[in-house]
Amino acid sequence: MPLTKVRELLDSHHVRYIVIGHSPAYTAQEIASLAHISGKEMAKTVIVKVDGKMAMAVLPASYNVDFESLGQSLGATKVELAHEWEFKHLFPDCEVGAMPPFGNLYHMPVFVAEPLTKDKQIAFNSGTLTELFMMEYKDFKELVRPKVIQFAVASKAA
């Protein structure tokens, strides 16, 4: 069950959270709408390749990754979107596209877009396309220890 890995981590650190169920949805913006959460509080996890190595870029649902800015901030030669077939085996307990932003559980670095740090609470996929977690950003920051950088641009649709 995908919820178990994240739930065990949160429970073992006595972190307060809620689980929100929703009908199946495939984009972070759709999920935010179904769950009645602001698109800027809904954190989406985008898997990127930084000089060939997988990493998580975590940003508000209402933003897009600026790959050039991400690469410059990291001093990387090449940053690109990873294809599902390249990373789905790294998340055997998750439905494709529903990875939680806990790179520490999947042995990969996590880069958080600076706008997400402004939110008191964040919500994110639990590993399924029908449930999400909501918790305080400060607890997420303490557990994951992401590198916070400027790499997000507001979506034109937001």
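Taking the numbering used here, I'd label the letters of the sequence shown as residues 939 to 1096.
Heads up, the beta-carbon is just placed ideally off N, CA and C, and yes, glycines get one too.
Is DSSP giving residue i helix, strand or coil here?
i, result
"LEU1019", "strand"
"GLY959", "strand"
"PHE1040", "coil"
Pull up the distance between the alpha-carbon of residue i and that of residue j, whole angstroms please.
i, j, result
"GLY1035", "GLY1065", "8 Å"
"ALA1111", "VAL1017", "An answer regarding residue 1111 cannot be provided, because it is not within the stretch 939 to 1096 covered by the chain."
"GLU920", "TYR955", "What is shown of the chain runs 939 to 1096, which leaves residue 920 out entirely."
"SER1093", "LYS943", "31 Å"
"VAL1003", "ALA995", "8 Å"
"LEU948", "SER1007", "31 Å"
By the DSSP assignment, the beta strand (DSSP E) with residue i in it spans what residues?
i, result
"LEU1070", "1069 to 1074"
"LEU997", "991 to 998"
"LYS1085", "1085 to 1087"
"LYS1108", "Within the shown structure, residues of the chain are numbered from 939 to 1096, placing residue 1108 beyond reach of any answer."
"ILE1060", "1059 to 1063"
Terminal residues of the continuous alpha helix (DSSP H) containing residue i?
i, result
"GLN1010", "1005 to 1012"
When DSSP builds the beta bridges, which residues end up paired with residue i?
i, result
"MET1046", "According to DSSP, which records beta bridges pairwise, MET1046 is partnered with nothing at all."
"VAL1091", "ASN1002"
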